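Let me begin by presenting the structure, written as structure tokens, before commenting on it.
Number of protein chains: 2
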Amino acid sequence: MNPDITRERENATFDVEKLTHILDGGIEKTKRRREIESLVISDPDFQSEDLNFLSRSERYDAAVKKSAQMILKLREYGISDPEEIYCYKSVFRGHHHEALGLHFVMFLPTLYTQCNKQQFKKWVPLAESFKALGTYAQTEMGHGTHLRGLETTATYDPATQEFVMNSPTITSIKWWPGGLGKTSNYAIVLAQLHTQGKCHGLQAFIVPLRSMNTHIPLPGVVVGDIGPKFGFDEVDNGYLKLENVRIPRDHMLMKYAKVEADGTYVKPPSAKLTYGTMVFIRSMIVGEAGHALAKSCTIAIRYSSVRHQSEIRPGEAEPQIMDYQTQQYKLFPLLATAYAYKFVGQYMNQVYHRITGDISQGDFSELPELHALSAGLKAFTTWTASAGIEVCRMACGGHGYSRCSALPDIYVTFVPTCTYEGENTVMMLQTARFLIKSYRQASAGHQLSGIVSYLNESERRLQPQSVSSRPTVVNVNDLASLVEAYKLRAAKLVEMAAKSIQQELQKRVSQEDAWNNSAIDLVRASDAHCHYVVVKLFAAKLGEIGDTGLHSVLSTLALLYALQGIQQHSGDFLQTGLLSVPQLSQVSQRLKELLAQLRPNAVALVDAFDYRDEMLNSVLGRYDGNVYEHMFEWARRSPLNKTEVHESYHKYLKPLQANL
Amino acid sequence: MNPDITRERENATFDVEKLTHILDGGIEKTKRRREIESLVISDPDFQSEDLNFLSRSERYDAAVKKSAQMILKLREYGISDPEEIYCYKSVFRGHHHEALGLHFVMFLPTLYTQCNKQQFKKWVPLAESFKALGTYAQTEMGHGTHLRGLETTATYDPATQEFVMNSPTITSIKWWPGGLGKTSNYAIVLAQLHTQGKCHGLQAFIVPLRSMNTHIPLPGVVVGDIGPKFGFDEVDNGYLKLENVRIPRDHMLMKYAKVEADGTYVKPPSAKLTYGTMVFIRSMIVGEAGHALAKSCTIAIRYSSVRHQSEIRPGEAEPQIMDYQTQQYKLFPLLATAYAYKFVGQYMNQVYHRITGDISQGDFSELPELHALSAGLKAFTTWTASAGIEVCRMACGGHGYSRCSALPDIYVTFVPTCTYEGENTVMMLQTARFLIKSYRQASAGHQLSGIVSYLNESERRLQPQSVSSRPTVVNVNDLASLVEAYKLRAAKLVEMAAKSIQQELQKRVSQEDAWNNSAIDLVRASDAHCHYVVVKLFAAKLGEIGDTGLHSVLSTLALLYALQGIQQHSGDFLQTGLLSVPQLSQVSQRLKELLAQLRPNAVALVDAFDYRDEMLNSVLGRYDGNVYEHMFEWARRSPLNKTEVHESYHKYLKPLQANL
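These protein sequences, in sequence, are chains L and W.
Using the working numbering, the first residue of the first sequence is number 9, and each one after it goes up by one.
Using the working numbering, the first residue of the second sequence is number 9, and each one after it goes up by one.
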């Protein structure tokens with residue numbers, strides 16, 4: 009054990025184990041999580057070479073191997089609870105992806121929810137036994153976010169009772185679905201349904217892609233890998249071009265909409281039912297943002313405690329780089345953010361399960377709010393976490409660029425969450441739509457409830473005259489007071505966005521153009537709303553913590569989170585009259601004090617995330633702090649070191665020397 | 009040609025070709041640049057498969073091949089002017105690196121400047137004929153920025169007149185130098201010189217690493233590749249452990265310091281002489297930041313003009329995504345920044361050459377200012393450009409993640425500039441040291457000159473009482489007025505940092521601790537100083553533009569750049585009383601107008617950067633806008649598509665299906 013990191017742990021003022029229980033949601037959950045982690049970590053079948061040493065084809069191969077093994081192991085161990093499966097997978101995947109990910113996340117759930125009874129009986133056993141290896145093909149080369157724009161067609165032919173599937177243009181080629189390129193022999197394909205000369209919009213169809221015996225693509229199916237990406241090396245994201253592929257009528261998923269034998273289209277009863285999965289996945293991503301940032305902070309903070317560099321006081325030994333104020337200012341607010349997002353993730357999970365219960369009883373009333381919240385928070389947390397991972401990486405200096413730090417892998421694996429499952433700017437604008445709608449309702453005298461209820465107050469309290477005359481009451485040492493300030497900022501920015509739309513309308517532009525011409529303000533309002541929600545939930549979490557030591561350190565983190573947000577957005581708080589200039593200096597001063605206060609607990613706070621070395625897979629983030637020996641050992645395994653002299657010497661350098 | 013992008017070009021209001029001349033520094037330079045580019049692009053020897061389809065070993069192989077070819081070509085074409093060589097190389101490298109980069113950038117220049125006459129005669133011909141393939145080994149596993157901390161030793165043995173080179177600890181192993189792993193047979197090694205029982209600090213030594221005949225590592229030399237990184241796949245960044253390697257006395261570079269035969273150490277005459285290269289490289293990086301951002305903007309803006317998505321007005325066709333205000337707000341300020349950095353790069357280049365002239369005549373007076381300026385601007389521009397590349401990438405939606413967009417390569421190739429040649433936070437603090445020193449001189453009544461002369465005024469004008477009472481005079485439509493505002497902001501933030509140090513000192517902490525406890529404020533002050541310099545230089549450039557059309561569009565860009573900076577740092581401008589709250593609303597409004605104003609010229613403004621398709625190597629950034637056909641074509645060449653069925657199917661999936 010590195011003595012620096014041992015000393016850090018000795019100086020901590022709280023019980024790390026207890027904090028781990030809080031993060032897991034209880035001592036029993038911690039215990040079970042660790043059992044599952046041990047199953048994976050101690051399993052010799054899962055020992056493999058660092059993926060970074062492999063070619064892309066080898067990485068894909070290794071991922072398929074692992075996925076196949078995992079399926080057998082889960083059955084062997086009898087792990088079937090979704091949360092436990094999730095836990096098992098997140099250990100065995102490491103920072104990477106599962107080859108059969110879409111089969112589990114999209115193919116099976118879509119079959120479960122959109123098959124009618126006969127279809128269920130046929131397809132679910134095939135999928136559960138992996139005879140049908142499936143993916144979900146929605147996105148096309150020319151169409152992502154805007155589903156109505158999708159071009160793939162399914163034209164019903166009553167003569168044969170088949171759908172004829174086509175990719176009529178180059179932009180209609182399915183593009184990006186994971187597992188589509190090489191792995192899947194089936195896909196659920198989203199296509200525009202044409203029957204009896206009319207288009208009825210998007211429906212889902214089960215399309216066989218490859219022979220179930222030979223895995224060779226079927227006639228009319230042009231399928232393959234879309235090529236290397238920024239990360240995701242082990243996934244065969246694919247393309248799919250359909251050329252008059254005929255599938256039987258009962259391959260359209262018919263639980264809701266139907267096409268009868270003669271081609272008659274029968275409408276689905278409600279459109280709300282497909283909402284759920286999307287909301288669930290976005291809620292999960294919020295937790296993932298906390299997870300990715302927590303891993304990054306663990307690596308950067310442990311490394312900062314063992315890395316010595318430069319000097320603060322001349323003549324003294326090189327200090328730990330964590331002693332530099334600038335290093336603390338980079339890392340500690342991100343550490344606070346990681347805690348915040350973990351707690352928000354817990355909250356989203358609870359809300360989701362509560363509302364799902366309501367929905368199954370036919371009560372959809374909270375769905376729009378959850379939809380708006382999950383969209384905005386997904387964007388808010390993934391943007392911040394992505395940028396934060398890079399800050400952590402660069403805070404490790406040169407070694408942060410080495411793949412042995414794991415930080416490059418964490419970044420390229422996480423950053424796509426900014427784009428998939430709803431592009432972030434689009435997500436922010438969806439939340440804004442809900443905020444503006446709520447604001448207008450409040451303005452019209454309706455009493456709002458739920459998370460937007462603050463917009464009721466805004467009508468009363470945020471009149472232009474009152475802003476400047478309202479006495480500033482924010483106490484920068486009091487979290488409740490800061491939550492209030494965030495709330496009023498959100499209210500003010502929602503109001504400003506609404507007024508911008510109003511002003512645009514007065515220029516006689518259309519509603520739609522007024523919206524687009526106010527989009528910058530709308531995103532800003534959503535951002536402020538989400539920021540308020542996060543601060544509020546962090547503060548609420550403190551209320552649940554009884555232990556004094558824990559409460560103290562988490563309060564420091566929460567205060568740091570809130571104050572750093574104020575400093576970063578000081579213009580908003582000054583502009584809206586929520587803070588005065590002298591208070592802003594207090595904020596800066598207080599931030600520095602909080603950094604110093606957190607310094608002795610920094611390592612313990614990342615220890616509490618409880619990532620085992622085998623999960624972090626980072627030389628810089630090792631629990632024992634013995635970084636350099638292991639970096640050397642790792643480097644010696646680099647494929648370029650397999651021979652003393654690389655063949656390029658004989659091929660190019662020796663001839664060059666001879667030529668000159 | 010895609011009709012959308014054709015229409016964009018038809019709508020431009022200025023002469024693209026003329027703007028290209030300005031960016032190149034004159035019509036003749038444009039002409040010559042294009043000639044050189046054509047040499048590379050039309051050369052069949054340089055045609056190669058996309059590096060993204062290759063394994064790391066193959067990429068390294070391809071890079072060595074290209075470097076060897078390039079050396080012969082440059083001789084064949086008689087290109088010897090450094091600027092022309094730089095141009096040639098930047099085309100042939102693309103977004104990647106040169107295998108022999110360090111040989112040219114560090115090994116040769118160090119020999120040129122630090123050899124004495126006899127050494128020069130021996131080593132320069134060996135290096136110029138590539139018999140000696142060299143690199144520069146400074147950084148160690150445990151030591152980067154802080155040179156005094158380096159641990160490698162060179163102990164003089166008068167008995168044999170040799171230096172004994174050693175890596176005494178694991179942290180002393182040389183780590184990171186490019187070309188060290190496999191390519192080089194020599195290295196200039198920085199080591200602590202020990203002679204006659206005393207350590208005389210760092211000196212440079214020529215150390216043979218590999219046999220000049222067989223390329224096999226010499227006895228005592230443990231050398232290899234440090235393993236895969238975030239980018240730089242084609243470079244063999246290496247490690248070097250020296251175990252009692254003996255080299256003759258005359259392998260120490262002795263132009264300045266010397267060790268005589270008996271071991272007597274002779275001090276160098278001046279320490280300033282080694283300053284120059286560092287300043288030069290940092291100045292170059294500023295230009296590179298403009299370059300990287302310009303390439304990214306070219307890709308994202310061209311793609312945004314041909315990509316259609318969603319809807320603004322219901323019922324109408326999907327609009328070009330560049331019509332969304334949020335997309336404009338992401339890209340156009342970055343476009344303005346790219347222009348700003350290109351102009352700042354030109355300026356740094358001129359200043360460097362002017363000051364180098366002075367230095368060669370013994371006048372070092374301007375060196376500290378240039379040193380401070382290049383350090384801060386290097387940090388300021390590389391941070392912004394790195395984040396900006398990622399914004400451009402994500403503005404391309406899913407396709408920005410494909411390696412065919414080139415944006416991942418641009419990012420991973422550029423982002424290390426934040427860390428190498430001086431870690432950015434350290435750089436900011438070096439600039440801050442100069443600013444604080446200047447501020448103290450001004451406070452003591454000295455009249456400052458040069459770029460910091462504004463600190464003279466600050467003493468007179470920025471007294472606390474005057475800040476609040478000073479009438480706000482900033483005109484948000486007038487660039488000169490905005491330059492003034494940036495200047496006063498910088499002055500105020502330098503003052504605040506100085507006062508923070510003062511306050512710390514009053515707590516009876518040491519100077520060094522006071523500095524560290526104010527580091528956040530110091531970085532902020534440097535940042536504001538650099539921002540002021542960039543705005544000022546952009547405004548100054550406008551003064552050189554005679555053409556009305558060009559002047560108009562560049563003025564719009566400059567105004568956008570200045571106002572967006574104010575919006576992003578609105579807290580500073582409000583806090584220092586430079587702007588009022590109503591003015592801030594004006595800034596937001598004006599920004600939106602400027603976005604709309606730039607919209608018709610966006611494609612033409614990136615066309616003016618004049619990157620040929622072969623240099624961008626981006627399917628999304630193609631000049632003809634025909635994105636989708638070429639993306640499909642590129643994907644089909646993916647190595648995973650070489651076989652219809654991947655071997656993993658037979659190895660893992662078929663057995664799995666049989667097992668269940």
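Glycine residues also receive a C-beta, built at the ideal position from the N, C-alpha and C atoms.
Quick caveat: nothing in here was measured; it's all calculated off a predicted structure.
(request) Show which residues of chain W have a CB atom less than 7 Å away from the CB atom of residue 649 (chain L). (result) Neighbours of residue 649 (chain L) on chain W, chain order: 232, 233.
(request) Output, in sequence order along the chain, the residues in the segment 325–349 of chain W whose CB is closer than 7 Å to any CB in chain L. (result) Within the segment 325–349 of chain W, the residues whose Cβ lies closer than 7 Å to some Cβ of chain L are 326, 332, 333, 334, 337, listed in chain order.
(request) With DSSP as the reference, please indicate the residues paired to residue 170 (chain W) in a beta bridge. (result) Paired residues: W:165, W:256.
(request) Sort out for me which residues DSSP pairs residue 150 (chain L) with in a bridge. (result) Answer is none; residue 150 (chain L) lacks a bridge partner.
(request) Pick out the complete beta strand (DSSP E) segments inside the segment 182–254 of chain L, 3 residues or longer, and give them in chain order. (result) The DSSP assignment places 194–203, 206–216, 229–233, 246–250 as complete runs of the beta strand (DSSP E) inside the segment 182–254 of chain L, in order along the chain (cut-off: 3 residues).
(message) Given this structure, state the Cα-to-Cα distance separating residue 588 (chain L) from residue 582 (chain L), to the nearest angstrom.
(response) Approximately 6 Å between the Cα atoms of the pair.
(request) Determine the chain L residues that contact residue 538 (chain W) at a beta-carbon separation under 9 Å, and present them in chain order. (result) Those within 9 Å of residue 538 (chain W) in chain L number zero; the least Cβ separation is about 16 Å.
(message) If contacts are defined as beta-carbon pairs under 8 Å, then residue 308 (chain W) and residue 390 (chain W) qualify, I think. What distance do you get, rounded to the angstrom?
(response) Taking a contact as a CB-CB distance under 8 Å, the pair residue 308 (chain W) and residue 390 (chain W) does not count as one, their CB atoms being some 19 Å apart.
(request) Indicate whether the contact test is met: 3 or more Cβ pairs, each with one atom in the segment 359–368 of chain L and one in the segment 264–277 of chain L, closer than 8 Å. (result) In short, these stretches do not touch, since the Cβ pair count stays below three.
(request) Could you tell me the distance, in whole angstroms, from the CA atom of residue 125 (chain L) to the CA atom of residue 263 (chain L)? (result) Their backbone Cα atoms lie some 8 Å apart in a straight line.
(request) Look at the Cβ atom of residue 335 (chain W), then the Cβ atom of residue 312 (chain W), and state whether they are nearer than 8 Å. (result) Result yes, Cβ atoms of residue 335 (chain W) and residue 312 (chain W) sit closer than 8 Å.
(request) Note the first and the last residue of the continuous alpha helix (DSSP H) segment covering residue 94 (chain W). (result) That run of the alpha helix (DSSP H) goes 90–101.
(message) For a quick check, are the C-beta atoms of residue 174 (chain W) and residue 116 (chain W) less than 8 Å apart?
(response) At a Cβ-Cβ threshold of 8 Å, residue 174 (chain W) and residue 116 (chain W) do not count as neighbours.
(message) Short of 7 Å Cβ to Cβ, which residues in the segment 69–98 of chain W face chain L?
(response) Across the segment 69–98 of chain W, CB contacts with chain L closer than 7 Å involve 69, 72, 73, 76, 79, 80, in sequence order along the chain.
(request) Let me know if residue 9 (chain L) comes out buried or exposed under the rule of 16 or more other beta-carbons within 10 Å of its beta-carbon. (result) Residue burial is scored here from C-beta neighbours: residue 9 (chain L) has fewer than 16 other C-beta atoms within 10 angstroms and is therefore classed as exposed.
(request) Determine which residues of the segment 169–181 of chain W have a Cβ less than 7 Å from any Cβ of chain L, and write them out in chain order. (result) Answer in chain order: 178, 179, 181.
(request) To the nearest angstrom, report how far apart residue 600 (chain W) and residue 338 (chain W) are at their CA atoms. (result) Whole-angstrom Cα-Cα distance: 12 Å.
(message) Out of L:185, L:36, L:47, L:77, which one is the CA nearest neighbour of residue 110 (chain L)?
(response) L:185 is the residue among L:185, L:36, L:47, L:77 whose C-alpha sits nearest the C-alpha of residue 110 (chain L).
(message) Only counting the same chain, and skipping five residues up and downstream in sequence, which positions put a Cβ closer than 8 Å to that of residue 571 (chain L)?
(response) Cβ neighbours of residue 571 (chain L) beyond the five flanking positions: 484, 490, 595, 598, 599, 602.
(message) Could you give the first and the last residue of the continuous beta strand (DSSP E) run that contains residue 142 (chain L)?
(response) Going by DSSP, residue 142 (chain L) is part of the beta strand (DSSP E) stretching over 142–145.
(message) For residue 566 (chain L) and residue 546 (chain L), what's the separation of their Cα atoms in angstroms?
(response) Cα to Cα, the separation comes out at about 6 Å.
(request) Give the DSSP bridge partners of residue 266 (chain W), in chain order. (result) Bridge partners of residue 266 (chain W): W:274.
(request) Report the option in L:658, L:322, L:433, L:563 whose CA atom is closest to the CA atom of residue 520 (chain W). (result) The shortest Cα separation from residue 520 (chain W) among L:658, L:322, L:433, L:563 belongs to L:322.
(request) Evaluate the contact criterion for the segment 614–629 of chain W versus the segment 527–546 of chain L: three or more CB pairs, one atom per stretch, below 8 Å. (result) No: the two stretches stay apart, fewer than three of their Cβ pairs being nearer than 8 Å.
(request) Give the DSSP-derived three-state secondary structure of residue 55 (chain W) in the structure shown. (result) Residue 55 (chain W) sits in coil when the DSSP states are folded into three classes, being neither helix nor strand.
(request) Mind listing the chain A neighbours of residue 643 (chain L)? Cutoff is C-beta to C-beta under 8 Å, in chain order. (result) You won't find chain A in this structure, because its protein chains are L and W.
(request) Throw me the rounded Cβ distance for the residue 54 (chain W) and residue 74 (chain W) pair, which I believe falls under 8 Å. (result) Right, the Cβ-Cβ distance comes to about 7 Å (below 8 Å), so this counts as a contact.
(request) Could you name the residues of the segment 492–519 of chain L whose beta carbon sits closer than 8 Å to any beta carbon of chain W, in the order they occur along the chain? (result) Per Cβ criterion, the list reads 518.
(request) Identify the contact partners of residue 244 (chain W) in chain L, using a Cβ-Cβ distance below 9 Å as the criterion. (result) The answer, in chain order, is 648, 654.
(request) Quick one: using the 10 Å Cβ neighbour count with 16 as the cut-off for buried, is residue 256 (chain L) buried or exposed? (result) Residue 256 (chain L) counts as exposed, since fewer than 16 other C-beta atoms from the protein chains shown sit within 10 angstroms of its C-beta.
(request) Apply the 10 Å Cβ neighbour rule to residue 404 (chain L) and answer buried if 16 or more other Cβ atoms are within range, or exposed otherwise. (result) Around the CB of residue 404 (chain L), 16 or more other CB atoms lie within 10 Å, so the residue is classed as buried.
(request) Output yes if chain L places a C-beta closer than 8 Å to the C-beta of residue 154 (chain W); else output no. (result) For residue 154 (chain W), the answer is yes, since a Cβ of chain L falls inside 8 Å of its Cβ.
(message) Under 9 Å, CB to CB, which of the residues in the segment 140–151 of chain L have a partner in chain W?
(response) Flagged, chain order: 141, 147, 149, 150, 151.
(request) Consult DSSP for residue 299 (chain L) and reduce its assignment to one of helix, strand or coil. (result) DSSP places residue 299 (chain L) in helix when its eight states are reduced to three.
(message) Suppose the cutoff is 6 Å on Cβ atoms and the five residues either side in sequence are ignored; what does the same chain contact list for residue 476 (chain W) look like?
(response) Below a pLDDT of 50, predicted positions are generally treated as unreliable, and residue 476 (chain W), at 45, falls in that range; the measurement from the model is reported next regardless. Excluding positions up to five away in sequence, the list reads 585.
(message) Tell me the rounded alpha-carbon separation between residue 84 (chain L) and residue 457 (chain L).
(response) Cα to Cα, the separation comes out at about 48 Å.
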